[in-house]
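Novice: To start, I am sharing the structure in question, which I have written as structure tokens.
2 protein chains.
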Amino acid sequence: MEQTQNIGSFLINAGIRPSFQRIKIYEYLIIRKNHPTVEMIYKDLNSYIPTLSKTTVYNTLKLFVDKGITQIITIEDNETRYDPDISTHGHFKCTNCGKIFDFSFDNKNLNIKQIENFEIKQTHLYIKGICENCKRKIIIK
Amino acid sequence: MEQTQNIGSFLINAGIRPSFQRIKIYEYLIIRKNHPTVEMIYKDLNSYIPTLSKTTVYNTLKLFVDKGITQIITIEDNETRYDPDISTHGHFKCTNCGKIFDFSFDNKNLNIKQIENFEIKQTHLYIKGICENCKRKIIIK
DNA sequence: TCCATATCTGTAATCATTTCAATTGTAAAA
DNA sequence: TTTTACAATTGAAATGATTACAGATATGGA
């Protein structure tokens, strides 16, 4: 499949040698778009790659983060999630269905006084609440 | 000290029985303003309350969060921090000195698109970078 | 093909957090 | 004041996520 080709050259471009496992894990991230935990990636890929080790998933994600092609999402204190979209954008987690939604926001006109002279490297906006779909379901109940 | 009195009635008001440990832990949070981890609270208070158990720190913080007088800060994936200021405000973590700074922001001009019809319950804005003090030090080096 | 090196794997170790049962403290009734 | 019931605290053990490590496997270049 040519998708693998693309991912392979993308990884090389990021300074990562494109092993089978690395390609499959990155592919998982961009196809599923589900902001997965290590457990989710391991569980889902294990049926397809039976020899996969959880350590490899950890190592690979750490590598992706170090090389700047994946970001860590800490919207919840008891689970680390991963996002291959490294642009500055927000994450909404529905406390009812657990799904995480991406959204865009302007961080230009925040004009934050207290940290004016600080050097900003990363911005994370996390919002929790009820998604539209769950809101409807809950009303019906 | 009358501070303890104030905290005692504040806890009662929040539906929390003001035990010695609970008062000291809440006092720690509001006096230090250091957004501590469980470990920090335990270590610092242990010299003053030698019998203190780490489980009590965990239990107490969970109680505070449940009763709505403390919020969890997840700016880092490997450490859960706590803040007795439950208002919506931002947190800046200096990746050099590790200190966490509070800042205020207006979530009106974030101009968020995709989640217009979602019900928002909590908003967390986390920024990482270099604080002014560390910036100066680093330049001098 | 062979070698050197990188990657992957599974196990064991570590660290944060939770569970649980026993002890201690407390407030109110007798 | 003593008793009693219940809540809070404690420390040990269990759990769960993550990391360290050492051996096995795969890979690219000579």
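If you're matching them up, the sequences are chains U and F in order.
Sequential numbering of the first sequence, starting at 16, is according to the numbering used here.
Sequential numbering of the second sequence, starting at 16, is according to the numbering used here.
Even glycine gets a Cβ: it sits at the ideal position worked out from N, Cα and C.
What are the residues of the segment 108-134 of chain F that lie near chain U, defined by any Cβ-Cβ distance shorter than 8 Å?
Specialist: Cβ contacts with chain U come from C109, T110, F116, D117, F118, S119, F120, D121, N124, L125, N126, I127, K128, Q129, I130, N132, F133, E134.
Novice: Which chain F residues sit within Cβ distance under 9 Å of T95(U)?
Specialist: Stepping through the first sequence from its first residue, residue 95(U) is reached at position 80. Within 9 Å Cβ-Cβ: D92, N93.
Novice: Please name the residue in T110(F), I87(F), L125(F), Y57(F) whose C-alpha comes closest to that of H50(F).
Specialist: For the purposes of this step, residue 50(F) is identified with residue 35 of the second sequence, where counting begins at 1. It is I87(F) whose Cα lies nearest to the Cα of H50(F).
Novice: Whole angstroms is fine: what's the gap from I22(U)'s alpha carbon to T95(F)'s?
Specialist: Here residue 22(U) refers to the residue found at position 7 when the first sequence is read from its first residue. Here residue 95(F) refers to the residue found at position 80 when the second sequence is read from its first residue. So the alpha carbons of these two residues sit roughly 34 Å apart.
Novice: On the criterion of 16 or more Cβ atoms from any shown chain inside 10 Å, does F35(F) qualify as buried, or is it exposed?
Specialist: Position 20 of the second sequence, counting from 1, holds the residue named residue 35(F). Label assigned to F35(F): exposed.
Novice: Go through the segment 47-90 of chain U residue by residue and report every complete run of the alpha helix (DSSP H) that reaches 4 residues or more, in order.
Specialist: The qualifying runs are 53-61, 69-81.
Novice: When you compare only the Cα positions, how much space is there between I38(F) and L26(F)?
Specialist: On the second sequence, position 23 is the one that residue 38(F) refers to. On the second sequence, position 11 is the one that residue 26(F) refers to. Going from the Cα of I38(F) to the Cα of L26(F) covers about 8 Å.
Novice: Beta-carbon of Y141(F) versus every beta-carbon of chain U: anything under 8 Å?
Specialist: As a working mapping, residue 141(F) is identified with position 126 in the second sequence. Closer than 8 Å to some Cβ of chain U, the Cβ of Y141(F) qualifies, so yes.
Novice: Look at the alpha carbon of I157(U) and the alpha carbon of N61(U), and state the distance between them as a whole number of angstroms.
Specialist: With chain U running from 16 to 156 in the structure shown, residue 157(U) is simply not present.
Novice: Could you tell me the boundaries of the alpha helix (DSSP H) in which I155(F) lies?
Specialist: Locating residue 155(F) in the second sequence gives position 140, where the first residue counts as 1. Note, I155(F): alpha helix (DSSP H), 147-155.
Novice: Given that a residue counts as buried once 16 or more other Cβ atoms are within 10 Å of its Cβ, and exposed if not, what is S146(U)?
Specialist: One-based indexing of the first sequence puts residue 146(U) at position 131. Before going on, a small fix: residue 146(U) reads as Cys here, not Ser. Flag for C146(U) reads buried.
Novice: In this structure, what does DSSP give as the bridge partners for L140(U)?
Specialist: Mapped onto the first sequence, residue 140(U) falls at position 125. Looking at the DSSP assignment, L140(U) forms a beta bridge with G105(U), L140(F).
Novice: Between T71(U), F118(U), I45(U), N124(U), which lies nearest to E131(F) when the distance is taken from Cα to Cα?
Specialist: Within the second sequence, residue 131(F) is the residue found at index 116, counting from 1. Nearest of T71(U), F118(U), I45(U), N124(U) to E131(F), Cα basis: F118(U).
Novice: Taking 8 Å as the threshold, find out whether the segment 101-109 of chain U comes into contact with the segment 140-155 of chain U through three or more Cβ pairs.
Specialist: Judged by Cβ distances under 8 Å, the segment 101-109 of chain U makes contact with the segment 140-155 of chain U, as three or more pairs qualify.
Novice: Who are the neighbours of K136(F) on chain U, taking C-beta pairs under 9 Å?
Specialist: Taking the first residue of the second sequence as position 1, residue 136(F) is located at position 121. The contacting residues are T110, I142, K143, G144, I145.
Novice: According to DSSP, which residues form a beta bridge with R96(U)?
Specialist: Against the first sequence, residue 96(U) aligns to sequence position 81. Paired residue(s): T52(U), I88(U).
Novice: Tell me the rounded alpha-carbon separation between Y63(U) and I40(U).
Specialist: Walking along the first sequence from the start, residue 63(U) turns up at place 48. Walking along the first sequence from the start, residue 40(U) turns up at place 25. If I take the Cα positions, the gap works out to 11 Å.
Novice: Select from L76(F), I90(F), E91(F) the residue whose C-alpha is nearest the C-alpha of I84(F).
Specialist: Mapped onto the second sequence, residue 84(F) falls at position 69. When each option's Cα is compared against that of I84(F), the closest is L76(F).
Novice: How about I31(U) and L78(U): do their beta carbons lie closer than 8 Å?
Specialist: Here the question's residue 31(U) lines up with position 16 in the first sequence. Here the question's residue 78(U) lines up with position 63 in the first sequence. The answer is yes: Cβ separation under 8 Å.
Novice: Return the first residue and the last residue of the beta strand (DSSP E) that D117(U) is part of.
Specialist: Translated into positions along the first sequence, residue 117(U) becomes position 102. Taken as a continuous stretch (DSSP letters only), the beta strand (DSSP E) holding D117(U) covers 115-118.
Novice: I'd like to know if N74(U) contacts chain F, where contact means its C-beta is closer than 8 Å to some C-beta of that chain.
Specialist: Within the first sequence, residue 74(U) is the residue found at index 59, counting from 1. No - not a single Cβ of chain F is within 8 Å of the one on N74(U).
Novice: Are the beta-carbon atoms belonging to K69(U) and V53(U) less than 8 Å from one another?
Specialist: The residue you call residue 69(U) lines up with position 54 of the first sequence. The residue you call residue 53(U) lines up with position 38 of the first sequence. Contact flag set, yes.
Novice: With C-beta atoms as the reference, is T89(F) less than 8 Å away from D92(U)?
Specialist: Counting from 1 along the second sequence, the entry for residue 89(F) is found at position 74. Counting from 1 along the first sequence, the entry for residue 92(U) is found at position 77. For T89(F) and D92(U), yes; Cβs fall inside 8 Å.
Novice: Let me know the secondary structure DSSP gives N21(F) once reduced to three states.
Specialist: Here residue 21(F) refers to the residue found at position 6 of the second sequence. Three-state result, N21(F): helix.
Novice: Does the beta-carbon of I4(U) have 16 or more other beta-carbons within 10 angstroms, so that it is buried, or is it exposed?
Specialist: There is simply no residue 4(U) to check, as chain U begins at 16 and stops at 156 in what is shown.
Novice: Assuming E134(F) and K150(U) make a contact with CB atoms under 8 Å, what is their CB distance in whole Å?
Specialist: Taking the second sequence and counting its residues from 1, the one referred to as residue 134(F) is at position 119. Taking the first sequence and counting its residues from 1, the one referred to as residue 150(U) is at position 135. Rounded, the Cβ-Cβ distance is 6 Å, consistent with contact.
Novice: Less than 8 Å between the C-beta atoms of T103(F) and N124(F), yes or no?
Specialist: In the second sequence, counting from the first residue as 1, residue 103(F) sits at position 88. In the second sequence, counting from the first residue as 1, residue 124(F) sits at position 109. No; because the gap between Cβ atoms is not below 8 Å, this pair is not in contact.
Novice: Could you pull out every residue in the same chain whose Cβ sits closer than 6 Å to the Cβ of K152(F), ignoring the five residues on either side in sequence?
Specialist: Against the second sequence, residue 152(F) aligns to sequence position 137. Excluding residues within five positions, none has a Cβ falling inside 6 Å.
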